[in-house]
Amino acid sequence: MKKKLILLSMGVALNTTLNAFDYQISSGEQILGAVEEITDFTIFENKCVNYVYHKDLLNNGKVTVRNVNEVPPGTFDPLIKISKGQGFIVNATGNCTVSTTEPDIIYKGFTYKTVTSPITKYVWLDRNLGASKVCEQEQNTVPSPLEYENSQKDCFGDYYQWGRGADGHQIVSSATTSSLLRYTTTSSSFVLTDNSNTYYDWANNDTDGKNRVTLLNKIDGTYICPVGFRVPTMSELMKEAEDMTNFINVLKFPLNGYKSYNTANKVYYKGDSGGVWSQTPDNTNLKYGTSLVYDEYSGSQRNGDLRATGRGIRCIKSYGNK
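Residues -20 to -1, 1 to 302 (mature numbering (1 follows the signal peptide of the UniProt record, and there is no 0)) are what the sequence shown spells out, left to right.
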């Protein structure tokens, strides 16, 4: 086995839809970079790979090896894990493709994967929060909105009021209340509002919504989105929706309708149109939230929306400045 300096080489072909990654292996020795943490080395078995090794330059050049289909010459400690972003070397005979997946994201009883947009390169959860499956059909492939709803209802997910955490109110059949809450109060009841609440908000404080924006930005898994993810901005949603084919066919945003702010457990326009919240307050009226609403025929638009309305949420992976 040759001694060589390991540089992080992203000589990997990446699948840009669901979270599968393909390593294109060439005969000989090849430096690669781990797109995700690797602990299961069975992905290299029955392939062209002989063995995999890593040289730790921060530990006096210590070499650790994982035997796959061949035992290399010499004695080495076993390679147990390759961390995300870490360089490693593959010794191979012949050419082959090795596919791996990043770990599932298990959050509040649901198992999600990720999907990377080929348009923006943003990384999203593969479905709306609370959805038990990814959407499998587009509206234009079925005879009617009702048939779309019946076949795709499990991909619609939950219906959140703007800025509220995952406290149970988002379940489509949740209990309801007419009592407004403080924005920090948790309650499993969906707040119904009427004209006595001028701005149709579920909260009786945080009028400009700034405190709730802070909560929607949390990436520690304690509010709405899983660790490392947050609620997207309006700008991020609009960039994706510039290409509706990508938005519907690749990112699989559903035609989930919206839950009424003043009628118990009433969801309108399921199968006809969809909508998801952004974290961005309305520029012209900070007492509103903003959502992206869309359908397969007329496209999408930014919507200044009543905060007590129930809409879907699709979490985006946090990448720094928004």
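C-beta: ideal position from N, C-alpha, C; glycine also.
For residue i, the nearest candidate out of the options (CA to CA)
i, options, result
"glycine 8", "Asn30, Ile23, Asn26 and Tyr274", "Asn30"
"lysine 239", "Glu222, Trp257, Ile228 and Val230", "Trp257"
"glycine 74", "Leu231, Lys27 and Lys35", "Lys27"
"phenylalanine 233", "Pro53, Leu109 and Asp188", "Leu109"
"leucine 172", "Thr243, Gly67, Ile18 and Glu116", "Thr243"
"tyrosine 33", "Val15, Glu17 and Lys61", "Lys61"
"asparagine 49", "Lys64, Lys42, Glu25 and Lys35", "Glu25"
"isoleucine 151", "Lys246, Ser131 and Gln132", "Lys246"
"aspartate 174", "Thr289, Ser278 and Thr194", "Thr289"
"leucine 231", "Gly89, Lys93 and Ile5", "Lys93"
"tyrosine 87", "Asp134, Gly189, Met214 and Tyr203", "Tyr203"
"aspartate 200", "Thr194, Phe209 and Val193", "Phe209"
"isoleucine 23", "Leu38, Val103 and Tyr3", "Tyr3"
Rounded separation between residue i and residue j - CA only
i, j, result
"threonine 166", "serine 97", "34 angstroms"
"glutamine 259", "serine 168", "21 angstroms"
"leucine 235", "valine 122", "13 angstroms"
"aspartate 181", "glutamine 119", "32 angstroms"
"aspartate 285", "glycine 254", "13 angstroms"
"valine 95", "asparagine 226", "11 angstroms"
"tryptophan 142", "glycine 13", "40 angstroms"
"arginine 144", "threonine 164", "8 angstroms"
"aspartate 275", "aspartate 252", "7 angstroms"
Cβ-based burial, residue i [other Cβ within 10 Å; buried from 16]
i, result
"leucine 161", "buried"
"threonine 270", "buried"
"glutamate 220", "buried"
"proline 58", "exposed"
"leucine 126", "exposed"
"proline 212", "buried"
"residue 311", "Because the chain spans -20 through 302 in this model, residue 311 falls outside it and cannot be assessed."
"lysine -18", "For lysine -18, the predicted structure reports a pLDDT of 37, less than 50, and the residue's modelled location is therefore unreliable. A value from the coordinates is still provided. Burial call: exposed."
"lysine 250", "buried"
"tyrosine 299", "exposed"
Range of the contiguous alpha helix (DSSP H) that encloses residue i
i, result
"valine 193", "190 to 196"
Within-7 angstroms CB hit, residue i to chain C
i, result
"lysine 101", "Although the question refers to chain C, the structure presented lacks it and comprises just one protein chain."
To test your reading of the DSSP string, which unbroken alpha helix (DSSP H) runs of 4 or more residues are found completely within the region 31 to 95? none
Every unbroken alpha helix (DSSP H) within the region 221 to 276, with a cutoff of 4 residues, ordered by chain: none
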